[in-house]
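*Asks:* Per our numbering, the very first residue in the sequence shown carries number 14; after that it's consecutive.
Pasting a structure here, questions to come.
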Amino acid sequence: MSLTHRPVAEKDIQLICGFPQSEDELFFLFPKATFPLAASQLQDAIAQRSDSTVVELCGEVVAFANFYRWESGGCCSIGNVIVSPAARGHGVGHYLIENMIGLAFSKHQAAEVTVSCFNQNVAGLLLYPKLGFQPYAIEERQDKKGNRVALIHMRLPRNAT
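So, in structure tokens, the structure goes:
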């Protein structure tokens, strides 16, 4: 499997918008967005964030993430994480998050990297600890239907890698 990564390009936006397959999946990726994800919503998020990155598998975009917080020497927080439905379960998410961690530590000299994951997002909850993230807080939120959900905050200190 030949995975590469690069900064997101305008041509990638519409494709990424098709990755979330349900309102719940979009909620995990981008809680403020409305389903289906519109290009304008994603473009606005990209404009307010840093290091928006895509993963390519044999030249095709299959994953996306960025930082919603990036502090030089402080904390970088990974957000907008999504893997295309066809590429799930093949290590693409692992590759993406590893590269975001590397970017946080090398480019931003981050002291720690954080990621937050909703309790219904089993794939994320199983992935992040494999990469060294440890839970440190749980925040009560509401999903789009008004149901109580837990947002689990995890961190990876620089010295843990």
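All C-beta atoms, glycine included, are put in the ideal place defined by N, C-alpha and C.
Hey, would you say residue 89 sits closer than 8 Å to residue 126, going by beta carbons?
*Replies:* Looking up residue 89 in the sequence shown gives position 76. Looking up residue 126 in the sequence shown gives position 113. Yes, the Cβ-Cβ distance between residue 89 and residue 126 is below 8 Å.
*Asks:* Within this structure, are the beta carbons of residue 79 and residue 64 separated by less than 8 Å?
*Replies:* By one-based count along the sequence shown, residue 79 stands at place 66. By one-based count along the sequence shown, residue 64 stands at place 51. Yes, they are a contact pair.
*Asks:* Drop a sphere of 10 angstroms on the beta-carbon of residue 151, count the other beta-carbons inside from all chains shown, and report buried for 16 or more, exposed for fewer.
*Replies:* Taking the first residue of the sequence shown as position 1, residue 151 is located at position 138. The residue is exposed, with fewer than 16 neighbouring Cβ atoms inside 10 Å.
*Asks:* Mind checking whether residue 102 and residue 76 have CB atoms under 8 Å apart?
*Replies:* To locate residue 102, count along the sequence shown from 1; it is residue 89. To locate residue 76, count along the sequence shown from 1; it is residue 63. Cβ distance not < 8 Å, so residue 102 and residue 76 don't count as in contact.
*Asks:* If residue 95 sits next to residue 132, beta carbons under 8 Å apart, how far is it from one beta carbon to the other, in whole angstroms?
*Replies:* What you label residue 95 is simply residue 82 of the sequence shown in a count that begins at 1. What you label residue 132 is simply residue 119 of the sequence shown in a count that begins at 1. Contact flag wrong, Cβ pair sits at about 18 Å.
*Asks:* In whole angstroms, what is the alpha-carbon distance linking residue 73 and residue 21?
*Replies:* Taking the sequence shown and counting its residues from 1, one reaches residue 73 at position 60. Taking the sequence shown and counting its residues from 1, one reaches residue 21 at position 8. Roughly 12 Å separates the two Cα atoms.
*Asks:* Alpha carbon to alpha carbon, how far is residue 55 from residue 156? Give it in angstroms, no decimals.
*Replies:* Taking the sequence shown and counting its residues from 1, the one referred to as residue 156 is at position 143. Taking the sequence shown and counting its residues from 1, the one referred to as residue 55 is at position 42. The straight-line gap from Cα to Cα measures roughly 19 Å.
*Asks:* In the DSSP assignment, what are the bridge partners of residue 89?
*Replies:* Here residue 89 is taken as the residue at index 76 of the sequence shown, counted from 1. Beta-bridge pairing links residue 89 to 83 and 126.
*Asks:* Could you give the DSSP three-state label for residue 171: helix, strand or coil?
*Replies:* Walking along the sequence shown from the start, residue 171 turns up at place 158. The answer is helix: DSSP assigns residue 171 an H, G or I state.
*Asks:* Alpha carbon to alpha carbon, how far is residue 121 from residue 130? Give it in angstroms, no decimals.
*Replies:* Residue 130 sits at position 117 when you count from the first residue of the sequence shown. Residue 121 sits at position 108 when you count from the first residue of the sequence shown. About 23 Å.
*Asks:* Around the Cβ of residue 33, are there at least 16 other Cβ atoms within 10 angstroms (buried) or fewer (exposed)?
*Replies:* Here residue 33 refers to the residue found at position 20 of the sequence shown. Flag for residue 33 reads buried.
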